[in-house]
Amino acid sequence: MNILVINAGSSSLKYQLIDMKNEQLLAKGVCERIGLDGKLTASTSDGRRLEREVAMSSHTEAFLQVKLALTEGECKIIESLKEIEAVGHRIVHGGTMFTQSVLIDEGVIDVIKGLCDLAPLHNPAGIQGIRACIGVFGSTVPQVAVFDNAFHTSMPPESYMFALPYEYYEKYGIRRYGFHGTSHRFVSQRCTELMDKPLEDFKLITCHLGNGSSIAAIKDGKVLDTSMGLTPLDGFMMGTRTGAVDPSAVLYLMEKEGWSPKETADIMNKKSGCFGISGVSSDDRDIKAAAENGNERAKLARKMLAYQIRKFIGSYAAAMNGVDAIVFTGGIGENTHDLRQSVCENISFLGLELDCAKNDELRFGKEGEVTTDTSRVKVFIIPTNEELLIARDTLKVAQGQ
Numbered sequence: 172m173n174i175l176v177i178n179a180g181s182s183s184l185k186y187q188l189i190d191m192k193n194e195q196l197l198a199k200g201v202c203e204r205i206g207l208d209g210k211l212t213a214s215t216s217d218g219r220r221l222e223r224e225v226a227m228s229s230h231t232e233a234f235l236q237v238k239l240a241l242t243e244g245e246c247k248i249i250e251s252l253k254e255i256e257a258v259g260h261r262i263v264h265g266g267t268m269f270t271q272s273v274l275i276d277e278g279v280i281d282v283i284k285g286l287c288d289l290a291p292l293h294n295p296a297g298i299q300g301i302r303a304c305i306g307v308f309g310s311t312v313p314q315v316a317v318f319d320n321a322f323h324t325s326m327p328p329e330s331y332m333f334a335l336p337y338e339y340y341e342k343y344g345i346r347r348y349g350f351h352g353t354s355h356r357f358v359s360q361r362c363t364e365l366m367d368k369p370l371e372d373f374k375l376i377t378c379h380l381g382n383g384s385s386i387a388a389i390k391d392g393k394v395l396d397t398s399m400g401l402t403p404l405d406g407f408m409m410g411t412r413t414g415a416v417d418p419s420a421v422l423y424l425m426e427k428e429g430w431s432p433k434e435t436a437d438i439m440n441k442k443s444g445c446f447g448i449s450g451v452s453s454d455d456r457d458i459k460a461a462a463e464n465g466n467e468r469a470k471l472a473r474k475m476l477a478y479q480i481r482k483f484i485g486s487y488a489a490a491m492n493g494v495d496a497i498v499f500t501g502g503i504g505e506n507t508h509d510l511r512q513s514v515c516e517n518i519s520f521l522g523l524e525l526d527c528a529k530n531d532e533l534r535f536g537k538e539g540e541v542t543t544d545t546s547r548v549k550v551f552i553i554p555t556n557e558e559l560l561i562a563r564d565t566l567k568v569a570q571g572q
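Taking the numbering used here, the leading residue of the sequence shown gets 172, the next gets one more, and so forth.
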């Protein structure tokens, strides 16, 4: 069964075609700059690749380019779209309405639309991706919504509530939702396989570290807490996002600088974090290079990041009354060995013993353990695969399981 996975952004549409008989990736690509000049990049599992500039005024036109890439030309991998038996869509925000992936109908679309205020950059794009696929496939091919925050819906109220007047929770749903749920779910399930231990029987901390980052505490198979909150801005510092900041500091700057709410959101989401501190880049590779060349602000940014990650790991170990394993994933988590070393060597009180040789070796898509045989807390590097998890969920839902 071929599953098409769609991840629609505000001006982009990423796709992967996966053969679920053996979970083999057949083709992938991305349509970028939708609504502007447009660019398609596509590749196949046997090494073929194409790039072309093509105008795409909408996600529907972008999806038509995906169809052409899959069925015609140098990256042709199937004869027609009839070989695709279901489509899985990554939807960022399902609120508390959806605790698992669901078959899409108009009622589901209406709920996603109603949550656009909580995910203004992502949910509208997700709806456009759904509409584009329905426009091409019609109603004959099952469309499945896989919600990025669904894994976090197991959090108890003491974790997800903010200490604001309760009426705002009742009126507007102001609470912690969490994100990167598909990644946290994928790597936690993979960790249980590596440890040969049921997820329901241990305490796990998963660290998804990239340009956007979050950490989750998973106890007995359920998320107890996660660092992102109402939006992906909360938590610890990221590429361009502040993470948690004293609200009074924000109010003070709004008053002093005359920022509007929109300007404030723009500064906190796009001009802060590692970029704002270093003044160099939002990319950790650039910041690391600058730090190695003596840039003090770049050094500070990396120290702050490692420190904040350690604080979350320590607090989550306390919240769960212990931890059995820690997982690093995401572009930074998988590839930045010195950051992992800085984090792990400073939480040795947990009984964690890092094997520095293994830690140095595991990069660039490699998976494995980086702790010693005697370490009480195990640390794993597990490359995430959100698209495969979406395809697995889509298969189950489409087959009515």
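Ideal Cβ placement from N, Cα and C applies to all residues, glycine included. It should be emphasised that the depicted structure is a prediction, and the values quoted were computed from it without experimental measurement.
What does the alpha-carbon distance come out to for the pair residue i and residue j?
| i | j | result |
| --- | --- | --- |
| His293 | Ala198 | 24 Å |
| Asn464 | Asp457 | 11 Å |
| Met326 | Cys246 | 43 Å |
| Met268 | Lys470 | 43 Å |
| Val498 | Ile552 | 6 Å |
| Glu424 | Val258 | Per the sequence shown, residue 424 should be read as Leu rather than Glu. About 45 Å. |
| Val273 | Ile305 | 16 Å |
| Gly504 | Thr324 | 24 Å |
| Val548 | Arg534 | 21 Å |
| Asn382 | Glu532 | 22 Å |
| Thr130 | Ile275 | Because the chain in this structure spans residues 172 to 572, residue 130 falls outside the shown range and cannot be described. |
| Val451 | Arg473 | 12 Å |
| Leu404 | Lys374 | 26 Å |
| Asp190 | Ser183 | 23 Å |
| Leu211 | Ile177 | 14 Å |
| Ser431 | Ala420 | 15 Å |
| Ile283 | Asn320 | 12 Å |
| Tyr343 | Pro418 | 19 Å |
| Phe318 | Asp495 | 27 Å |
| Glu341 | Ser384 | 28 Å |
| Ser519 | Lys567 | 41 Å |
| Gly278 | Phe322 | 21 Å |
| Tyr337 | Lys390 | 27 Å |
| Gly200 | Ser214 | 6 Å |
| Asn492 | Ile484 | 12 Å |
How should residue i be labelled, buried or exposed, when 16 other C-beta atoms within 10 angstroms of its C-beta is the threshold for buried?
| i | result |
| --- | --- |
| Ser354 | buried |
| Phe407 | buried |
| Tyr339 | exposed |
| Tyr186 | buried |
| Leu289 | buried |
| Tyr487 | buried |
| Glu243 | exposed |
| Leu525 | buried |
| Arg220 | exposed |
| Glu540 | buried |
| Asp396 | buried |
| Leu560 | buried |
| Lys442 | exposed |
| Lys459 | buried |
| Thr545 | exposed |
| Gly536 | exposed |
| Leu335 | exposed |
| Glu558 | buried |
| Asp455 | buried |
Have a look at the DSSP bridge pairing and note the partners of residue i.
| i | result |
| --- | --- |
| Arg223 | Leu211 |
| Phe551 | Val498, Glu540 |
| Tyr186 | Ile177, Gly200 |
| Gln195 | Asp190 |
| Phe318 | Ile262 |
| Leu525 | Thr542 |
| Ile255 | Asn173 |
Considering only C-alpha positions, which residue in the set the options is nearest to residue i?
| i | options | result |
| --- | --- | --- |
| Glu256 | Val312, Ala233, Ile448, Lys192 | Val312 |
| Val358 | Lys567, Asp564, Glu532, Thr555 | Thr555 |
| Ser251 | Arg261, His260, Ala240 | Ala240 |
| Ile386 | Gly352, Leu196, Thr363, Val416 | Gly352 |
| Ala316 | Arg511, Met191, Val263, Tyr331 | Val263 |
| Met439 | Gly410, Ala460, Ala461, Lys459 | Gly410 |
| Thr377 | Gly297, Gly414, Arg481, Gln314 | Arg481 |
| Thr413 | Ala436, Leu521, Ile301, Glu467 | Ala436 |
| Lys529 | Leu404, Pro336, Trp430, Thr543 | Thr543 |
| Lys433 | Pro291, Leu560, Ala569 | Pro291 |
| Leu188 | Asp367, His260, Glu203 | His260 |
| Val394 | Thr270, Gly502, Asp217 | Thr270 |
| Cys527 | Val550, Arg204, Phe520, Gln570 | Val550 |
| Leu365 | Gly349, Glu538, Asp564 | Glu538 |
| Glu224 | Lys238, Gly218, Leu207 | Leu207 |
Return no unless some Cβ of chain D is closer than 8 Å to the Cβ of residue i.
| i | result |
| --- | --- |
| Thr242 | The chain inventory of the structure shown lacks chain D, comprising one protein chain alone. |
Check your understanding: At which residue ranges does the region 260-316 contain complete alpha helix (DSSP H) runs of 4 or more residues, listed in the order of the chain?
Key -> Counting only runs that start and end inside the region 260-316, the alpha helix (DSSP H) elements of at least 4 residues fall at 277-285, 294-308.
Practice item. Counting only runs of 3+ residues fully inside the region 354-413, write out the beta strand (DSSP E) ranges in chain order. Key: 374-379, 385-390, 393-397
Exercise for review: With a floor of 3 residues, list each beta strand (DSSP E) that falls wholly inside the region 448-510, ordered by position along the chain.
Suggested key: 496-500
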